[in-house]
Amino acid sequence: EDKVVQSPLSLVVHEGDTVTLNCSYEVTNFRSLLWYKQEKKAPTFLFMLTSSGIEKKSGRLSSILDKKELSSILNITATQTGDSAIYLCAVGNNNDMRFGAGTRLTVKP
Amino acid sequence: EPEVTQTPSHQVTQMGQEVILRCVPISNHLYFYWYRQILGQKVEFLVSFYNNEISEKSEIFDDQFSVERPDGSNFTLKIRSTKLEDSAMYFCASSRDTYEQYFGPGTRLTVT
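Keeping their order, the protein sequence lines are chains D and H.
Just so you know, we're using the working numbering here: the first sequence kicks off at 1 and counts up by one.
Just so you know, we're using the working numbering here: the second sequence kicks off at 1001 and counts up by one.
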């Protein structure tokens, strides 16, 4: 059965800390891994990863995929209170996308 | 910047009633999806739609559910006879190809 597992489920840090969120997957016909940030409502797109070992970067956020280990990490450096959200990992095969349960990140001032 | 829109933002209905949730995907996108998120739980895939037909559906998407693209812009999800456990946030998403999906703001469905 396809599954996407994220860890930790919950994380509390202080502003300025660096965090690493993990996502591991077992999915048939893997095509891509996506990271989303979910605050109040809809997930907003962060990154899409299809190739192993190539880091995607956007400001203080970066992510990398390891297809051999069937996993990905999302790094956030110099965290801010505005980074507080649920971070969702989703893995796409040919036709659908399977989400992990998310990591709830709380950044305290 | 183009975005996916959904209406209504909140729908309250009685058990057994039919509901139609509406979505307007991004205009040059070809793939459309519905997801749901029960309060406090993970986002779950319901169905994907391409070229006017369902390309994939999950075990949640049973005979009570249907999707339609009635015209060139709308994409709808119909639940024929709602149950209490259908209460959730329903997200529509669209993508140009089968990779990046952009989500709408969601419709909160409350079944009483």
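The beta-carbon is built from N, C-alpha and C at its ideal position, and this holds for glycine as well.
What residues are listed by DSSP as bridge partners for Ala163(D)? Past the edges of chain D, shown from 1 to 109, lies residue 163(D), and the structure says nothing about it.
Who are Glu1000(H)'s beta bridge partners in DSSP? The structure shown does not extend to residue 1000(H), since chain H is modelled only from 1001 through 1112, so no value can be given for it.
Cβ of Ala42(D) within 9 Å of any chain H Cβ: Sequence index remark: in the first sequence, residue 42(D) carries index 42 (1-based). So yes, Ala42(D) belongs to the interface.
Residue-level contact to chain D via CB, Glu1001(H), 9 Å cutoff: Here residue 1001(H) refers to the residue found at position 1 of the second sequence. Not a single C-beta of chain D is nearer than 9 Å to the C-beta of Glu1001(H).
Could you tell me which chain D residues have their CB closer than 9 Å to the CB of Ser1094(H), listed as they occur along the chain? As a first step, residue 1094(H) must be located in the second sequence, where it is residue number 94. In chain order: nothing, as chain D lies at least about 12 Å away.
Determine the burial state of Pro43(D): buried for a count of at least 16 other Cβ atoms within 10 Å of its Cβ, exposed for fewer. One-based indexing of the first sequence puts residue 43(D) at position 43. Its Cβ being crowded by 16 or more others within 10 Å, Pro43(D) is buried.
So Val1067(H) packs on Phe1091(H), CB below 8 Å; how close in whole Å? For this step, residue 1067(H) is matched to residue 67 along the second sequence. For this step, residue 1091(H) is matched to residue 91 along the second sequence. Actually they are not in contact, since the Cβ atoms of Val1067(H) and Phe1091(H) sit about 13 Å apart, beyond 8 Å.
Indicate the three-state DSSP secondary structure (helix, strand or coil) for Glu1085(H) in the structure shown. Taking the first residue of the second sequence as position 1, residue 1085(H) is located at position 85. Reduced to three states, the DSSP call for Glu1085(H) is helix.
First and last residue of the beta strand (DSSP E) that includes Phe1075(H)? Working through the second sequence from its first residue, we reach residue 1075(H) at position 75. Here the beta strand (DSSP E) through Phe1075(H) covers Phe1075 to Ile1079.
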